[in-house]
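Enquirer: Once you've had a glance at the structure underneath, I'll fire off some questions.
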Amino acid sequence: MKKLNLVVLASGGGTNLQAIIDHIEAGKLNAQIKAVISNNSKAGVLERARNHDIPAIHLSHKQFATLEEFDLKLLSILKENQIDMLVLAGYMKMLSPVIIREYKNRIINIHPALLPSFGGPGMYGIHVHEAVIKSGVKVTGVTVHMVDEVYDHGAIVMQKTVPVMDDDTPESLAERVLKVEHQAYSEALQLFAEGRVEIIDNRAFIKK
Ligand code: GAR
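Just so we're aligned, residue 65 is where the sequence shown starts under this note's numbering, counting upward by one.
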């Protein structure tokens, strides 16, 4: 079985990146992370990458005169590393259609709720958990899904549920959901490593 070549894009603290690294090191995920890219030079995720000798790259739209130039640079990094999948792990920017088309069915994201509920523009990080609590639902969860040109819309690969408690704050809920994210993302990536995911008409089918 071939190791999956991954590049991870992230904006924040990087606990999902850490969980993926830990699964790889424990032999539970047959993959290697070729580089970690963040739009935020101070993001903890870059530090986590460096701690594991993974190339850590700061790449922001602000470094380029045009969006096209940014896309070309990102594409060149992805091509150089011959990636199988681009993994978004708390990446708070929208990827351009150029990248999404080039890596169709090979870009994956984790969202901290059960899509298609609580997704779409503005629904990221703590805002998701605030909206979940405000709505009064008793169950939330984690969605691992493919990225297409519509925000939070691509084929759903895996979902796991998490209960919402009466006394939850957005922060306490985020913490409970995050623990489940850390398992779900590596499990979903391992399905790709095993060649078990087939995407047909915006649905992901998992082969036995
Ligand atoms: C995670 O909860 C992830 O699901 C969320 O950001 C957090 C990043 O945490 N992503 C989104 O909201 C994307 N719409 P991390 O930096 O500790 O992995």
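All C-beta atoms, glycine included, are put in the ideal place defined by N, C-alpha and C.
All figures in this text were calculated on a predicted structure; none of them were measured in a lab.
Does DSSP classify F134 as helix, strand or coil?
Expert: The answer is helix: DSSP assigns F134 an H, G or I state.
Enquirer: Would you give the residue range spanned by the alpha helix (DSSP H) that E262 belongs to?
Expert: No alpha helix (DSSP H) holds E262; the beta strand (DSSP E) holding it covers 261-264.
Enquirer: The ligand GAR heavy atoms versus the CB of P180: any closer than 7 Å?
Expert: No, the beta carbon of P180 sits no closer than 7 Å to any heavy atom of the ligand GAR.
Enquirer: For T225, count the other beta carbons within 10 Å of its own beta carbon; 16 or more makes it buried, fewer makes it exposed. Which is it?
Expert: The residue in question, T225, is exposed, as its Cβ has fewer than 16 Cβ neighbours within 10 Å.
Enquirer: Which residues in the same chain have their Cβ closer than 7 Å to the Cβ of D212, if we skip the five residues on either side of it in sequence?
Expert: The answer, listed in chain order, is I164, G218.
Enquirer: Output needed for A99: all residues of its chain with C-beta closer than 7 Å, excluding positions within five of it in sequence on either side, in chain order.
Expert: Same-chain partners within the cutoff: V71, I118, P119, I121, I141, N145.
Enquirer: Can you tell me whether V318 sits near the ligand GAR, meaning its C-beta is under 7 Å from at least one heavy atom of the ligand?
Expert: Here the chain has residues from 65 to 272 only, and residue 318 is not among them.
Enquirer: Taking the alpha carbon of Q82 as the reference point, which residue from V261, Q254, E245 has its own alpha carbon closest?
Expert: Residue E245 is the option with its Cα nearest to Q82.
Enquirer: Quick one: what's got a C-beta closer than 8 Å to M156's C-beta in the same chain, skipping five residues either side?
Expert: Here the set comprises S75, G76, N103, Y188, G189.
Enquirer: Would you call M158 buried or exposed, if buried means 16 or more other Cβ atoms sit within 10 Å of its Cβ?
Expert: Classification for M158: exposed.
Enquirer: To the nearest angstrom, how far is it from the Cα of A95 to the Cα of R240?
Expert: Going by the C-alpha atoms only, they are around 26 Å apart.
Enquirer: Is S250 helix, strand or coil by DSSP?
Expert: In the structure shown, S250 sits in a helix (DSSP, three-state: H, G or I).
Enquirer: State the Cα-Cα distance for the pair V261 and L255, rounded to the nearest angstrom.
Expert: Near 6 Å, if we compare the C-alpha coordinates of L255 and V261.
Enquirer: Do you know how far the Cα of I220 is from the Cα of A268?
Expert: Looking at the two C-alpha atoms, the distance is approximately 6 Å.
Enquirer: Would you mind listing the beta strand (DSSP E) stretches within the stretch 184-231 that are 3+ residues and don't spill past its ends, in chain order?
Expert: Whole beta strand (DSSP E) segments, 3+ residues: 203-210, 220-227.
Enquirer: Going straight from the alpha carbon of F182 to that of V151, what length do you get?
Expert: Their Cα atoms are separated by approximately 21 Å.
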